[in-house]
Structure formats: structure tokens, C-alpha cells
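Engineer: For reference, the structure I am asking about is given below.
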Amino acid sequence: MRRKMVSVILTVAMMGTMLAGCGSKAAEQQGSTANTGGESVAEKSNDGKDTAGGDNSYTMFMRNTYVDWIKELKWYDAAEANTGIHVEYVEGPDDFNDVYAEVDQRIISKTLPDAVMTKLVQTNVYGPQGAFVDLAPYIKKYAPNLQKYIDDNPDYEALVTDENGAIYGLVKESPIFTDYLAYRADHLEKAGIDVNSIKTVQDFTEAMRTLKAHYGKDNPNYYPLEGRENPIRFAAWFGCPSNISSEESNGIYVGHQKDGSLDIMDDRAYTMVETMKTWYDEGLINPEFAANTRTEGDWEAAMINGNGTFEYDYYNRAEWFMANGGVDADPDYQMGVMNMFQDENGKVLKGTSSCKYNEECVTAVNAQCSEEKIKTILTFIDYFYSEEGITLANYGVEGESFETEGDGSKKFIVDYAKEEATPEGEKRWSFLSDRFTVCKPVDNEAFFAWNSPLIAEAAQRINTEENMMESYNIKYTAEQTEELSNLVATVFDAEIAGIVSFVTGNKEFNADTWKAFQDEMNSLGLSRIEEIQLDAYRATFDN
């Protein structure tokens, strides 16, 4: 049986970017100017063969920020000590697109280190062409823990294995979470609002009206609902996010199963736009946010300085505001996290969720590596799929970072805030498994426990099957990938632009104009996207 939470990440939209970057002048320039870690032996080799000496080390190309994080991790040092294997990292650029472009260039110039951080769409293209090793037979031979994980997780096996049974890349597991609706608890208290009375979107709108009257009368810069960038993020509140099953595909699901999820053909999408227009007209939502022009910095400043009360964003943002100026700006500053909304019948409106497997953080091995080098790489990775390695990467060392309770559960004994405040470059205990370090399983309970009390409590309360939609990892053929890459960005951008125009009043909003908008999106390719998604879903899960 496949797991309840199966992952999804779009490889499609990146396909065009990756192919366009192959051999391009921009890629050549990036490859020649990136910080590639001059101390690495790999940089002195142009044939890609066994670039790290001996059988107890190997080189790996990775995004530079990830390398910096790895150097600070106490548990990672313990893993190298326990395995006797050292990884010498070759630092790439910070921008993700530049990282993947450099992978393209290194393949062309034959300067790949022993291993490389890439994305699944690249391994699927370059692996069969001979750039990356087919790891499948070597995993069976040298990585028993990883092999057991693959056998026990058919969704993972289906994701990383091609039609010929080859495995060219190992995908990173990621924590599964949904966005949280955070709020200024002190604002609500001073305005006389009981947060537990806000159960529906209608309740939420009324609460914002009360807040606007209370704080907006003397502050023209106050808007109850703040945010950044794309404002079309509320579909789950209205029950109209994009979705997919064996029976139907609704909305752009691929690449937008969480962020930007919306099914404009659902009648409730009309209600969403109508409600957002009310928020805009009454000054309940920041107009720049509604117009899709609000920057992250502007949003952060508004929330810290008291010009906003609610924000719907990444799960740990409530704590971020507390730790990054909120309390300094107002000694009463206190953030909270709301429960999920309910519909008029009291049914929980589930939030869209993140993916279990991150296809943009994949480990591939240079095909020029000897079998001994492949064994070394897989031995190191395999350690993190052992019971000892899983505990180390998620909790650390017993007696130093955690202790085992009488019931067998594990409890951190180091302080999250103190450890994460350790100066840059210094060693720390940190278990932020949403960051890429090595391919390894994620203990979601440990991940959310390793947070401030505010976020840990919210995660325990919110991150349940009752509150979160399932996410699916759908495999696409090369032809489907190419067609989708030409459709998704165009249709998605047009959807956002059209809805923003309705909300801000730049375009008249009524049943007729909405129908015309739906027809326009279908003519641009929405219905074709849904058709491809459905075919791919059935091919992935119904066989």
C-alpha cells in the first residue's frame, strides 16, 4: 500500500529551463564564475574520474548555502565519525537555477565531482545518456538499509526508478506541512475579539472589520490582513484548491498542489474572488498584497510595526516575527496560530500540503566513478537509513541533545532558540530537516518538536490528516513534461493576473465576466493541463 501522504513536486516547469540551459552562453559563464571551492581536488580534474582519493572520502557538488549549513551541524560531524567517511563539498552558486545550470555545464565539460546535487528531471535526462550511474544494482549490493526503505515505500520506488528499472538519482525526504494562519494575539485581545469565535471565513471577515475600526481609525497604514507576493493563496479556505484523483483533475495541480493551488471552475472560486474583493474594497487586506506587488520586506515590516494582524504563510513565520523585531517594536507583541477554518456545516476546510519528496534536492553519482567509489558514497547515504543514522539526523546524540523517556519517546534536552542563535560558522545542534544535507528519512514529529513552543504546539494541533490535504507525486512522460512546461506558466500567470484584476476593480466582476475568464483560461490550455494531469495520475497510481 502506498502511504497516506504521497508527495508531489513539479518537475515539469523546470524541464524547459534545464534544457534551455544546456550549452548556453549563460550556463558557460555561470560555470566559469561560480564559487566552486578551490580547495577541492575535483577542481583539478577534467576527466571526472575518482576525484577524491582513497575509499573513505568523496567529493560532492552542492549549493553553497547548504554547504555552509552542513559545516555547522554537530550531528553531521558525528555521522562522518561513525562511518569513517568524509565528504569534500564543491560549492556551487546560491541561486537554485544557477546551481542546476552549473550541473548542465559540468556534464558538458566533464568536470563533475563524484556526486552532485541536482534535480530529478536532470537525472532522468542525463542518466540514460551516460552521465550518472544507475544506482539500482549497487544499492542492492552495498546499501541494505536504503534498499529496505525503497522496498517499504513503493511511492518512493516509483518516483526514482525509470521504466527500465534504473535509479539515477536519490530524492530527499522533506517534512510535510501546511501554511498557518498566524495572528497578533495582543491585537485581538485589545479589540475584544475571542480567537475561538473565528471558525468560518465569514467570522474572519467580521473580525477584520472590528480590527479595522479599532486600529485603522488612527492609522491609515493599517490593514488587518497582510502578506507578500502572490495573493491567490486562500482557495483552501473556500474549498476550491486544485485537486486530482483517478476520476478527475481540477485546476493546475502540477507544481501548485500547495502554493497557488486553485480550481477556477469550482463555483466556490467565484465566492473566493467575491470575498477578496470585499476585503479589498473595505480596506481589510493590504492593497499592494491584493495587487500582487507586495514585497517580502514590506510585509515583514508591516507585521513587525503593527500595521497588520493576520498573515497566512510558511508554518514558522509567527515565531519569526516574534524573534525578529516584533517584541522590540511592542512589548505586548504576541503571535498565535489559528485553527483551520470550517465550512457552514462545521466541516474542516483542509489546507494544501507540502511534498514528502523534494525532487529538486536529488543526489546523483558521476558515471565515471569506480565501483569502490560508488560503494563509499552509498555506504555513507545508507547509514542515514539505519536506525542509528535516523536517530542521529533527527535527534542527535543521546545524553547530549536528547534523552529517551520512560515510554520510549525522545525529548530534546538542548534549547532550540539558543542553538539556532549560535553565531554563523559555529557548531550547533540543529534539526531543520526542510534543509538539504543528505538524502535521509524525516521524522516529522522530531522536526516540529525542534521548534519554538509556539510552533511546536501549533504543529501538534494542526498537522493532522483531518486538517491537511493529501499530496501526490505524479510521474510524467517526457512528452507530457515538455507539453506541460509550455502550458503551466502561461495559464497560471494568466489566472493570477485575471483574478487580481477582478479583486482590485480593474476589471468588472460579475457572473458573465467570470464565465468569460474561465473560457479564456481553457482556451489558453487549462483544460489540456487537466487532461494531461489525469492521464499521468492514472498511469502512476492505477496500474
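Counting with mature numbering (1 follows the signal peptide of the UniProt record, and there is no 0), you get residues -20 to -1, 1 to 523 for the letters of the sequence shown. The beta carbon of each residue, even a glycine, is placed where N, CA and C say it ideally should be.
State the Cα-Cα distance for the pair A165 and M318, rounded to the nearest angstrom.
Structural biologist: Reading the sequence shown from its first residue, position 185 is the one you call residue 165. Reading the sequence shown from its first residue, position 338 is the one you call residue 318. When rounded, the distance between both Cα atoms is 10 Å.
Engineer: Tell me, which residues are paired with Y160 by DSSP?
Structural biologist: On the sequence shown, residue 160 is found 180 positions in, with the first residue counted as 1. Y160 pairs with D293.
Engineer: Would you say the stretch 478 to 490 touches the stretch 430 to 444, given that touching needs at least three Cβ pairs under 8 Å?
Structural biologist: Result no; under three Cβ-Cβ pairs closer than 8 Å.
Engineer: Residues bridged to A43 by DSSP?
Structural biologist: Within the sequence shown, the letter at position 63 stands for residue 43. Contrary to the premise, residue 43 reads as Arg rather than Ala in this sequence. In DSSP, R43 forms a bridge with G72.
Engineer: Examine chain D for any beta-carbon lying closer than 8 Å to the beta-carbon of D166, and answer yes or no.
Structural biologist: The question asks about chain D, but that chain is absent: this structure has only one protein chain.
Engineer: Residue ranges of each alpha helix (DSSP H) run of no fewer than 4 residues wholly in the stretch 120 to 177, ordered along the chain?
Structural biologist: Qualifying alpha helix (DSSP H) stretches, in chain order: 124 to 132, 134 to 140 and 165 to 170.
Engineer: Taking the alpha carbon of G219 as the reference point, which residue from S225, N77, D473 and M449 has its own alpha carbon closest?
Structural biologist: In the sequence shown, residue 219 corresponds to position 239, counting from 1. Nearest C-alpha to G219: M449.
Engineer: For N346, which beta-bridge partners are listed by DSSP?
Structural biologist: As a position in the sequence shown, residue 346 is number 366, starting the count at 1. The partner list for N346 (beta bridge, DSSP) reads F112.
Engineer: Can you tell me where the alpha helix (DSSP H) holding V471 begins and where it ends?
Structural biologist: Mapped onto the sequence shown, residue 471 falls at position 491. Residues A458 to T484.
Engineer: Hey, quick one: how far does the alpha helix (DSSP H) through F497 stretch, first residue to last?
Structural biologist: In the sequence shown, residue 497 corresponds to position 517, counting from 1. From DSSP, the alpha helix (DSSP H) with F497 extends over A491 to L504.
Engineer: Bridge partners for A95 per DSSP, in chain order?
Structural biologist: Here residue 95 is taken as the residue at index 115 of the sequence shown, counted from 1. Answer by DSSP bridge pairing, in chain order: M40 and V345.
Engineer: To the nearest angstrom, how far is the alpha carbon of R297 from that of A61?
Structural biologist: Mapped onto the sequence shown, residue 297 falls at position 317. Mapped onto the sequence shown, residue 61 falls at position 81. Taking the straight line joining both Cα atoms gives about 35 Å.
Engineer: How should Q109 be labelled, buried or exposed, when 16 other C-beta atoms within 10 angstroms of its C-beta is the threshold for buried?
Structural biologist: Here residue 109 refers to the residue found at position 129 when the sequence shown is read from its first residue. The residue is exposed, with fewer than 16 neighbouring Cβ atoms inside 10 Å.
Engineer: Just reading off the alpha helix (DSSP H) that G277 is part of, what are its end residues?
Structural biologist: In the sequence shown, residue 277 corresponds to position 297, counting from 1. Run containing G277: E276 to I284, per the alpha helix (DSSP H) assignment.
Engineer: For H236, does the three-state DSSP call read helix, strand or coil?
Structural biologist: What you label residue 236 is simply residue 256 of the sequence shown in a count that begins at 1. Looking at H236 - three-state DSSP - the assignment turns out to be coil, as it is neither helix nor strand.
Engineer: Beta-carbon separation of P421 and Y365 under 8 Å?
Structural biologist: Here residue 421 corresponds to residue number 441 of the sequence shown, with the count starting at 1. Here residue 365 corresponds to residue number 385 of the sequence shown, with the count starting at 1. Going by C-beta atoms, P421 is nearer than 8 Å to Y365.
Engineer: Measuring alpha carbon to alpha carbon, tell me which residue in Y38, A426, K90 and T273 is nearest A477.
Structural biologist: Residue numbering aside, residue 477 sits at position 497 when the sequence shown is read from its first letter. Closest by alpha carbon: T273.
Engineer: What is the C-beta distance between F489 and K257, in whole angstroms, given that I count them as a contact (C-beta under 8 Å)?
Structural biologist: In the sequence shown, the residue the question calls residue 489 occupies position 509. In the sequence shown, the residue the question calls residue 257 occupies position 277. About 6 Å; that satisfies the 8 Å criterion.
Engineer: Going by DSSP in three states, M449 sits in which element: helix, strand or coil?
Structural biologist: What you label residue 449 is simply residue 469 of the sequence shown in a count that begins at 1. M449 falls in the coil class under three-state DSSP.
Engineer: Using only the alpha-carbon positions, how far apart do R508 and T461 sit?
Structural biologist: As a first step, residue 508 is located in the sequence shown; it is residue number 528 there, counting from the start. As a first step, residue 461 is located in the sequence shown; it is residue number 481 there, counting from the start. Answer to the nearest angstrom: the Cα atoms are 13 Å apart.
Engineer: Do T356 and the ligand SAM come close, with the Cβ less than 7 Å from some heavy atom?
Structural biologist: Inclusion of the ligand SAM in the displayed structure is not the case, the ligand content being empty and no account of it being possible.
Engineer: Check the DSSP bridge columns for S229 and list the partner residues they point to.
Structural biologist: In the sequence shown, counting from the first residue as 1, residue 229 sits at position 249. BP columns for S229 point to I224.
Engineer: Is it buried or exposed for G17, if we count other Cβ within 10 angstroms and need 16 for buried?
Structural biologist: Counting from one through the sequence shown, the residue named residue 17 turns up at place 37. Only weak support is given to the placement of G17: the predicted model assigns it a pLDDT of 34, under 50, and the value that follows is read from those uncertain coordinates. The residue is buried, with at least 16 neighbouring Cβ atoms inside 10 Å.
Engineer: Out of K390, L100, I147 and W259, which one is the CA nearest neighbour of K120?
Structural biologist: Here residue 120 refers to the residue found at position 140 when the sequence shown is read from its first residue. It is I147.
Engineer: In whole angstroms, give me the CA-to-CA distance for E340 and A171.
Structural biologist: Mapped onto the sequence shown, residue 340 falls at position 360. Mapped onto the sequence shown, residue 171 falls at position 191. Spanning the two alpha carbons is a distance of roughly 44 Å.
Engineer: With M315 as the anchor, note down where its alpha helix (DSSP H) starts and where it stops.
Structural biologist: Along the sequence shown, read from residue 1 onward, the residue named residue 315 stands at position 335. Element bounds for M315: not the alpha helix (DSSP H) but the beta strand (DSSP E), M315 to V317.
Engineer: Taking C-alpha atoms, which residue in K197, E206, H236 and S226 lies nearest to A216?
Structural biologist: Along the sequence shown, read from residue 1 onward, the residue named residue 216 stands at position 236. The candidate whose alpha carbon is nearest that of A216 is H236.
Engineer: So, C419 versus I361, is the Cβ gap smaller than 8 Å?
Structural biologist: Along the sequence shown, read from residue 1 onward, the residue named residue 419 stands at position 439. Along the sequence shown, read from residue 1 onward, the residue named residue 361 stands at position 381. Result yes, Cβ atoms of C419 and I361 sit closer than 8 Å.
Engineer: Quick check on E206: buried or exposed, where buried means 16 or more other Cβ atoms within 10 Å of its Cβ?
Structural biologist: In the sequence shown, counting from the first residue as 1, residue 206 sits at position 226. With 16 or more Cβ atoms within 10 Å of its Cβ, E206 is classed as buried.
Engineer: Take S334 as the anchor and find which of G316, S241, A474 and A193 has the nearest alpha-carbon.
Structural biologist: Position 354 of the sequence shown, counted from the first residue, corresponds to residue 334. Checking every option, the nearest Cα to that of S334 belongs to S241.
Engineer: Which of the three DSSP states, helix, strand or coil, is assigned to G196?
Structural biologist: In the sequence shown, residue 196 corresponds to position 216, counting from 1. In the structure shown, G196 sits in coil (DSSP, three-state: anything other than H, G, I, E or B).
Engineer: Let me check understanding here. Comparing Cα to Cα, which of G331, F157, D142 and V67 lies closest to S413?
Structural biologist: Here the question's residue 413 lines up with position 433 in the sequence shown. Among G331, F157, D142 and V67, the Cα nearest to that of S413 belongs to F157.
Engineer: Does the separation of the CB atoms of A344 and T98 fall below 8 Å?
Structural biologist: Counting from 1 along the sequence shown, the entry for residue 344 is found at position 364. Counting from 1 along the sequence shown, the entry for residue 98 is found at position 118. Yes, they are a contact pair.
Engineer: Take E228 as the anchor and find which of T457, L464, E510 and M188 has the nearest alpha-carbon.
Structural biologist: Locating residue 228 in the sequence shown gives position 248, counting from the first residue. Out of T457, L464, E510 and M188, E510 has the C-alpha closest to the C-alpha of E228.
Engineer: Measure the CB-CB distance between Y160 and A438 and report whether it falls below 8 Å.
Structural biologist: For this step, residue 160 is matched to residue 180 along the sequence shown. For this step, residue 438 is matched to residue 458 along the sequence shown. In this structure, A438 lies closer than 8 Å to Y160 by Cβ.
Engineer: Could you check what DSSP says for Y118 in three-state terms: helix, strand or coil?
Structural biologist: Translated into the one-based positions of the sequence shown, residue 118 becomes position 138. Correct three-state label for Y118: helix.
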